[in-house]
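What follows is a single structure, written as structure tokens, with notes after it.
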Amino acid sequence: DTGVSQDPRHKITKRGQNVTFRCDPISEHNRLYWYRQTLGQGPEFLTYFQNEAQLEKSRLLSDRFSAERPKGSFSTLEIQRTEQGDSAMYLCASSPRTGTSEKLFFGSGTQLSVL
Amino acid sequence: AQSVSQHNHHVILSEAASLELGCNYSYGGTVNLFWYVQYPGQHLQLLLKYFSGDPLVKGIKGFEAEFIKSKFSFNLRKPSVQWSDTAEYFCAVNADTGFQKLVFGTGTRLLVSP
């Protein structure tokens with residue numbers, strides 16, 4: 592199965608520490624998305640890349656958050672100085688370049704717990 | 842700003858019962874509408890989508906949804922559920938932005954008893 596891969600699956604950290612997550616999209620998918628899901632809620636959009644360009648960022652993405660997609664392949668999401676409110680499932684999704692009928696392929700997510 | 846409401850947070854059905862999950866959205870412009878499903882231990886996956894054309898759309902595993910523009914609704918239906926339909930179902934909307942900046946509802950947990 593060559594789906595979207597996310598690493599790690601789980602991360603436990605102490606408040607104030609920095610964490611970094613990785614997402615490997617489906618090969619040749621040029622669009623990559625990050626979403627965040629908290630308990631009892633649906634996923635919320637964080638940011639979007641087309642190839643290596645970050646084209647849209649949500650206001651949810653404070654200055655402690657940074658995402659990159661060097662060379663338009665894998666992506667990383669870094670959270671600096673983590674807070675307990677950052678505890679959530681971080682989801683990555685990718686899609687191929689299409690016309691109007693774009694479909695997202697989600698990974699299994701990284702569950703972050705900030706103690 | 843767009844928002845999505847899913848009225849049922851938990852639904853319990855017996856096998857062979859009919860299913861209808863409600864979804865209403867708020868947005869005045871052109872929208873694309875989706876239902877995603879997350880089976881236990883699996884990732885989110887697309888069940889069906891509406892972009893344009895026939896407002897009755899059919900998805901995988903016998904699911905269908907009807908877009909009623911006047912009611913801002915996109916309800917999900919299945920005439921006869923199976924135990925394997927036990928999952929969490931999310932409705933989502935996207936303004937016609939050219940990329941997938943989805944706004945999701947809070948989800949409905951469906952439990953189908955055998």
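These protein sequence lines map, in sequence, to chains B and U. Convert by adding 591 to the 1-based position in the first sequence; the result is the number in this note's numbering. Convert by adding 841 to the 1-based position in the second sequence; the result is the number in this note's numbering. All residues carry an ideal CB built from backbone N, CA and C; glycine is no exception. Source: prediction; values computed, not measured.
The beta strand (DSSP E) that contains residue 627 (chain B), what's its start and end? Position 36 of the first sequence, counting from 1, holds the residue named residue 627 (chain B). Looking at the DSSP string, the run of the beta strand (DSSP E) that includes residue 627 (chain B) is 622 to 628.
Out of U:866, U:903, U:925, state which residue places its alpha-carbon closest to the alpha-carbon of residue 842 (chain U). What you label residue 842 (chain U) is simply residue 1 of the second sequence in a count that begins at 1. Nearest option by C-alpha distance: U:866.
Among B:670, B:620, B:618, whose alpha-carbon lies nearest the alpha-carbon of residue 652 (chain B)? As a position in the first sequence, residue 652 (chain B) is number 61, starting the count at 1. Answer by Cα proximity: B:670.
Below 8 Å between beta carbons: does that hold for residue 985 (chain U) and residue 919 (chain U)? There is simply no residue 985 (chain U) to check, as chain U begins at 842 and stops at 955 in what is shown.
For chain U, is any of its Cβ atoms less than 8 Å away from the one on residue 634 (chain B)? Reading the first sequence from its first residue, position 43 is the one you call residue 634 (chain B). Yes, residue 634 (chain B) lies at the interface with chain U (some Cβ there is under 8 Å from its Cβ).
Using 8 Å as the limit for Cβ to Cβ distance, is residue 871 (chain U) near chain B? As a first step, residue 871 (chain U) is located in the second sequence; it is residue number 30 there, counting from the start. Chain B places no beta carbon closer than 8 Å to that of residue 871 (chain U), leaving this residue out of the contacts.
Assign residue 672 (chain B) to one of two classes, buried (16 or more other C-beta atoms within 10 Å of its C-beta) or exposed (fewer than that). Within the first sequence, numbered from 1, the residue matching residue 672 (chain B) stands at position 81. Its Cβ having fewer than 16 others within 10 Å, residue 672 (chain B) is exposed.
Own chain residues within Cβ distance below 6 Å of residue 609 (chain B), not counting five before or after: Numbered from 1 along the first sequence, position 18 holds the residue referred to as residue 609 (chain B). Closer than 6 Å at Cβ, skipping near neighbours: 671.
Name the DSSP beta bridge partners of residue 645 (chain B), please? Here residue 645 (chain B) corresponds to residue number 54 of the first sequence, with the count starting at 1. In the DSSP output, where bridge partners are listed per residue, residue 645 (chain B) has B:640.
Extent of the continuous beta strand (DSSP E) run through residue 686 (chain B): The sequence position of residue 686 (chain B) within the first sequence is 95, counting from 1. Counting along the chain, the beta strand (DSSP E) containing residue 686 (chain B) begins and ends at 679 to 686.
Residue 674 (chain B) bridges to which residues according to DSSP? On the first sequence, position 83 is the one that residue 674 (chain B) refers to. DSSP, once it has assigned bridges, lists no residue as partnering residue 674 (chain B).
Measure the alpha-carbon distance for residue 886 (chain U) versus residue 607 (chain B) and round it to whole angstroms. Sequence index remark: in the second sequence, residue 886 (chain U) carries index 45 (1-based). Sequence index remark: in the first sequence, residue 607 (chain B) carries index 16 (1-based). The straight-line gap from Cα to Cα measures roughly 34 Å.
Between B:706, B:702, B:704, B:697, which lies nearest to residue 884 (chain U) when the distance is taken from Cα to Cα? Translated into the one-based positions of the second sequence, residue 884 (chain U) becomes position 43. The shortest Cα separation from residue 884 (chain U) among B:706, B:702, B:704, B:697 belongs to B:697.
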